[in-house]
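K.L.:
Here it is, the structure in full.
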Amino acid sequence: MMTNPHRLQLPDDISLFMAFHMLCGFATELYLKAFLIHKGHNERDLRKREIGHDLLKLRSLCLSEGLHHSGMDMLVGLLAKHHKEFEYRYMKRNVTYWTEDLRTIFSAFSHLDRTIDAAIGASASHGVAGGGRWDFPMDEGWRLPGITETR
């Protein structure tokens, strides 16, 4: 989606911004849940409303299980509020949506991927040895006039 050459034919990235962040939120959630399940947490409990899509609660549980320095903090800080409330799926007016530059986001995912792979002995890419990375080779930056701010 982000590297498709047709993206740059659009006047801006507004149509991609929400979908991209929604998918990043779910990816972060699933990485953290995979770690917690590996540590013995029950999958059914992680799906309950008390935890569900709450990245802050998942982060807290992961920290208590020893997941540190993983890229998790940046991703959770960026995505938690709007992911929990499904706002990346159902955008609200008069709300500020923060973002980071794409290279920072992909770097955090690369770090999280390597850390989770090492912790649980699995690779996010089936059949590929650990140490993969998320990459965005043509980082043109977000083109979002007036609706977002970069921290």
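Residue 105 in the numbering used here is what sits at position 110 of the sequence shown, and the numbering runs on without skipping anything.
Glycine is no exception: its CB is placed at the ideal position from the N, C-alpha and C atoms.
Based on Cα-Cα distance, which residue from Asp8, Phe12, Gln4 lies nearest to Tyr85?
P.N.:
Numbered from 1 along the sequence shown, position 90 holds the residue referred to as residue 85. Nearest of Asp8, Phe12, Gln4 to Tyr85, Cα basis: Phe12.
K.L.:
For Phe81 and Met17, what's the separation of their Cα atoms in angstroms?
P.N.:
Here the question's residue 81 lines up with position 86 in the sequence shown. Here the question's residue 17 lines up with position 22 in the sequence shown. So the two alpha carbons sit approximately 8 Å from each other.
K.L.:
Would you mind working out which of Tyr83, Leu73, Ser59, Asp68 sits nearest His106, comparing C-alpha positions?
P.N.:
By 1-based counting over the sequence shown, the position of residue 106 is 111. When only C-alpha atoms are compared, the closest one is Asp68.
K.L.:
Just how far apart, CA to CA, sit Gly88 and Leu27?
P.N.:
Mapped onto the sequence shown, residue 88 falls at position 93. Mapped onto the sequence shown, residue 27 falls at position 32. Here residue 88 turns out to be Arg, not Gly, going by the sequence shown. Between Arg88 and Leu27, the C-alpha separation is close to 30 Å.
K.L.:
Taking the alpha-carbon positions, what's the Asn37 to Asp7 distance?
P.N.:
Indexing the sequence shown from 1 puts residue 37 at position 42. Indexing the sequence shown from 1 puts residue 7 at position 12. Straight-line measurement puts the Cα of Asp7 at about 42 Å from the Cα of Asn37.
K.L.:
Under the rule that 16 or more other beta-carbon atoms within 10 Å means buried, what is Ala75, buried or exposed?
P.N.:
On the sequence shown, residue 75 is found 80 positions in, with the first residue counted as 1. Ala75 should be labelled buried.
K.L.:
Taking all protein chains shown into account, do 16 or more other C-beta atoms lie within 10 angstroms of the C-beta of Thr94, making it buried, or fewer, making it exposed?
P.N.:
On the sequence shown, residue 94 is found 99 positions in, with the first residue counted as 1. Its Cβ being crowded by 16 or more others within 10 Å, Thr94 is buried.
K.L.:
Given Thr99, which residues of its chain have a CB within under 8 Å of its CB, disregarding the five upstream and five downstream residues?
P.N.:
Within the sequence shown, residue 99 is the residue found at index 104, counting from 1. Within the same chain, Met69 come within 8 Å of Thr99 by CB-CB distance, once the 5 residues on both sides are set aside.
K.L.:
Whole angstroms is fine: what's the gap from His48's alpha carbon to Leu97's?
P.N.:
Translated into the one-based positions of the sequence shown, residue 48 becomes position 53. Translated into the one-based positions of the sequence shown, residue 97 becomes position 102. The C-alpha of His48 lies about 23 Å from the C-alpha of Leu97.
K.L.:
Kindly give me the distance between the Cβ atoms of Ser65 and Thr110, rounded to whole angstroms, as I take these residues to be in contact under 8 Å.
P.N.:
Counted from its first residue, the sequence shown places residue 65 at position 70. Counted from its first residue, the sequence shown places residue 110 at position 115. Taking the Cβ atoms as the reference, Ser65 lies roughly 4 Å from Thr110, within the contact range of under 8 Å.
K.L.:
Smallest Cα separation from Leu62: which of Phe15, Ala14, Asp108, Ile9?
P.N.:
The sequence position of residue 62 within the sequence shown is 67, counting from 1. That would be Asp108, whose Cα lies nearest to the Cα of Leu62.
K.L.:
Name the DSSP bridge partner or partners of Thr99?
P.N.:
Against the sequence shown, residue 99 aligns to sequence position 104. According to DSSP, Thr99 bridges with nothing at all.
K.L.:
By the DSSP assignment, the alpha helix (DSSP H) with Ser65 in it spans what residues?
P.N.:
Walking along the sequence shown from the start, residue 65 turns up at place 70. That residue, Ser65, is in no alpha helix (DSSP H); it is neither H nor E in DSSP.
K.L.:
Can you tell me whether DSSP reads Tyr26 as helix, strand or coil?
P.N.:
Translated into positions along the sequence shown, residue 26 becomes position 31. The answer is helix: DSSP assigns Tyr26 an H, G or I state.
K.L.:
Near Tyr83, what residues of its chain come up, given a Cβ to Cβ distance below 7 Å and the 5 sequence neighbours on each side ignored?
P.N.:
For the purposes of this step, residue 83 is taken as the residue at position 88 of the sequence shown. Counting only Cβ-Cβ distances below 7 Å, and skipping sequence neighbours, we find Met13, His16, Met17, Gly20, His77.
K.L.:
Sorted by chain position, which residues of the same chain lie with C-beta nearer than 6 Å to Glu60's C-beta, five sequence neighbours on each side aside?
P.N.:
The residue labelled residue 60 in the question sits at position 65 within the sequence shown. The residues are Lys34.
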